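Written out below as structure tokens is the structure these notes cover.
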Amino acid sequence: MDEFAAETKVEWREWGPAAFERAADSGKPVLLSLTVPWSPECRAMDRGVFGEPRIAANVNDGFVPVRVDADRNPRVRERYTMGGFPSTVFLTPEGEVITGATFLGPEGFRGILDSVRESWDAKGAAAGSIPRQLRDEAPPAGELRPRIEEHMIEQLLGAFDEEYGGWGTDVKFPLPRTVEFALVRARDQATRTLEAVRTHLLDTYDGGFFRYGTGRDWSNPRREKLADENAALVRAFAHGYRYTGTDAYRDAARRTVEYLTTDLWTGEAFAASQAGDDDYYQLGASEREAREAPHVDETVFADRNGLAIDGLLWFHAYTDDDRARRYASRARDNVCETLVADGEVAHYAGDDSDAGLLSDQAQLLQGLTASWQVLGEGGPAEAVADWTIENRQQETGAFRDGPDTGAGLCGRSLHPLDATVELADALVDLAALTGEDRYREVATEAVESFAGAAERMGVEVAGYAGVAARLLDPQRLVVGTEAGTDLHRAALRLADHETTVVPDPDGDGSARRYEGETVTAEASTPADLEAALTGD
1 MDEFAAETKV EWREWGPAAF ERAADSGKPV LLSLTVPWSP ECRAMDRGVF GEPRIAANVN
61 DGFVPVRVDA DRNPRVRERY TMGGFPSTVF LTPEGEVITG ATFLGPEGFR GILDSVRESW
121 DAKGAAAGSI PRQLRDEAPP AGELRPRIEE HMIEQLLGAF DEEYGGWGTD VKFPLPRTVE
181 FALVRARDQA TRTLEAVRTH LLDTYDGGFF RYGTGRDWSN PRREKLADEN AALVRAFAHG
241 YRYTGTDAYR DAARRTVEYL TTDLWTGEAF AASQAGDDDY YQLGASEREA REAPHVDETV
301 FADRNGLAID GLLWFHAYTD DDRARRYASR ARDNVCETLV ADGEVAHYAG DDSDAGLLSD
361 QAQLLQGLTA SWQVLGEGGP AEAVADWTIE NRQQETGAFR DGPDTGAGLC GRSLHPLDAT
421 VELADALVDL AALTGEDRYR EVATEAVESF AGAAERMGVE VAGYAGVAAR LLDPQRLVVG
481 TEAGTDLHRA ALRLADHETT VVPDPDGDGS ARRYEGETVT AEASTPADLE AALTGD
């Protein structure tokens, strides 16, 4: 149970079968409170609603209250979140959803309590329903074809905000994977978005990026800082620097690397998040020094560390930044030692942690394939990939998010698009690094399992179109030397970021670019490689 639950007067239970059995035996609905340690609204609702004695008494008497840390329990989060935190969700004893909401004040909460009681008294378990995404056994499959990339380019052009940068006309999210897709297809959009993110979301005092801007002009940022979002932005700004040479992009990434390796460094790996605190972040540098910094959740999550390893190593590849390399290597070694067993990845260290979640498997694999490309050190990459394929891929080619067991609706299949994209992207790299086509075949099946929905996808999942393009036009740059040579370092900086760089210590000292199985460029020195790849 999360550490802030003590601020409430509700008698919280742990998530699990016992809570639902209690609900069935007592004839009461379940009140599920989904919180995260970085959200000030979660703290506020604990104090102002669940900490109010009369409300707490009503909850304790009329419901079976369950508290879940959503960061520690991704399967519960993905099935029950109402779109933000806190999420308060009312469930039947079978785990079906009666209703729910995000942040509520005392009066709003009293109103929803009365509404749920009326519905429960009138209908009982029939008041609940299964969320739409859990009703279908598989996503809509289709054919992998060039139209997927073409459609996403159309989406980029149609949704771009010409006045303020970024995509959309309301809340502005950084969308780092969309930026990366745009860097080679709509570069002006990508660079204008990077500039907006750097200008409005970068904390210039403590470093790190805030989550998003609540205004179309990127104003009024949400000031939480999450390790995975910062890691993804390090990689996006590093790729931006690789394509444009803009020092401001390099400096923004370096400042964020410093933040990740100081404020979010546990001594062994990367911490999960730092809470938002508007009062603190609006102070100047000297005033901040006199105040206690916002709370840091020091939980080491496998998925967030995988993304941090990935982002830091690509920054190192483009800049030779040794700090990024050292901390990425330390985090990789710690996570592989403490959270990986025979290819199965635990979400975090603890007896109550889930293991084998698709997000952990996929994002750690991304970090490991980046380590292989940049440092020549792949760790247990093949073991992680093989375990994931054997235990999470279904006959349709789609991947489910975790085991098919669990309380509530956790036993129902969920096929997450984002994690599937990350896994497929890593498998494309692994196929090139190992020379084993089976990884590419699995990636193709995974991407095709969503292809029937491709025409309905928006810019927020541009990474899907990116990996589809990589599968249709596979490119790898094989460097016939060990990692770290001048030729290898040049290859990392010259290759398109969607090309896999393969260090081969048993090679003949030359670098060759393959498009499919055809050699399209060849060189044995950095200068010749640059000429061969750029046509100069």
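Residue numbers 1 to 536, in full-length UniProt numbering, belong to the letters of the sequence shown in order. We treat Cβ as the ideally placed atom computed from N, Cα and C, and that holds for glycine. All values derive from a computational prediction rather than experimental measurement.
Separation of residue j from residue i, as counted between CA atoms
i	j	result
D360	V345	6 Å
L357	T388	9 Å
G208	T261	10 Å
D297	A511	44 Å
G516	L471	10 Å
S119	F63	13 Å
G105	G213	23 Å
Q475	T396	27 Å
D437	A431	6 Å
A317	R493	7 Å
R325	W265	14 Å
R110	I55	7 Å
G27	G408	16 Å
C336	P17	31 Å
M1	P86	Note that M1 has pLDDT 49, beneath the 50 cutoff, so the model's placement of it is unreliable and no number is given.
E445	P176	25 Å
R135	R79	11 Å
G378	A70	30 Å
S33	V421	29 Å
A57	G276	30 Å
F315	A521	25 Å
S449	E292	48 Å
D121	Q274	42 Å
G48	P37	17 Å
G284	D278	12 Å
E460	E180	12 Å
G51	T35	15 Å
residue 550	F160	Nothing about residue 550 can be reported from this structure: the residues present for the chain run from 1 to 536 only.
Proximal residues to residue i (C-beta, below 6 Å), its chain only, five neighbours per side dropped
i	result
A495	L477, V501
R75	G402, C410
P65	V10, W12, L31, V59
Q373	V501
Y514	R476
W218	K172, A196, H200
Nonlocal neighbours in the same chain, by C-beta distance under 8 Å from residue i, ignoring five residues either side
i	result
G507	V478, V479, G480, T481
G535	none
A138	Q394, T396, A398, S413, H415, S449
Within-8 Å CB hit, residue i to chain B
i	result
G343	No chain B is part of this structure, which consists of one protein chain only.
Distance between beta carbons of residue j and residue i, contact taken as under 8 Å
i	j	result
S129	E96	6 Å
G311	V234	4 Å
V68	W15	5 Å
A370	A269	Wrong, their Cβ atoms sit about 16 Å apart, outside the cutoff.
A454	I148	5 Å
V197	P221	That belief does not hold up - the Cβ atoms of V197 and P221 are roughly 10 Å apart, past 8 Å.
Q155	G466	At roughly 13 Å, the Cβ-Cβ gap does not stay under 8 Å, so Q155 and G466 are not in contact.
Enclosing beta strand (DSSP E) for residue i [first to last residue]
i	result
E118	Run containing E118: none in the beta strand (DSSP E); it sits in the alpha helix (DSSP H), 106 to 123.
R69	According to the sequence provided, residue 69 is Asp. The question's Arg does not apply to it. Per DSSP, D69 belongs to the beta strand (DSSP E) from 64 to 69.
L32	30 to 35
S87	87 to 91
H100	The sequence as given places Gly at residue 100; His does not occur at that position. That run of the beta strand (DSSP E) goes 97 to 101.
L202	Unbroken run through L202: none, as it is neither H nor E.
Q155	Segment 147 to 159 is the alpha helix (DSSP H) holding Q155; no beta strand (DSSP E) there.
F49	For the record, residue 49 in the displayed sequence is Val; it is not Phe. No beta strand (DSSP E) contains V49, which DSSP labels as neither H nor E.
L183	It is not in any beta strand (DSSP E) - L183 instead sits in the alpha helix (DSSP H) that spans 176 to 183.
R456	Here R456 belongs to no beta strand (DSSP E), and DSSP marks it neither H nor E.
R476	475 to 479
N- and C-terminal bounds of the alpha helix (DSSP H) containing residue i
i	result
R75	74 to 80
V335	322 to 339
G466	462 to 472
L134	That residue, L134, is in no alpha helix (DSSP H); it is neither H nor E in DSSP.
V300	Run containing V300: none; DSSP gives neither H nor E here.
Q361	358 to 375
V10	No alpha helix (DSSP H) holds V10; DSSP gives it neither H nor E.
R22	17 to 26
R392	381 to 392
Same chain, Cβ closer than 7 Å to residue i, neighbours up to 5 away in sequence not counted
i	result
P526	D486, L487, A490
R77	L34, A70
Uninterrupted alpha helix (DSSP H) stretches inside the segment 413 to 447 (no shorter than 4 residues): 417 to 434
Length-filtered (4 minimum) alpha helix (DSSP H) runs lying within the segment 224 to 292: 227 to 244, 247 to 260, 278 to 281, 285 to 289
Ranges of the beta strand (DSSP E) found wholly within the segment 483 to 526, counting only runs of at least 3: 500 to 503, 511 to 515, 518 to 523
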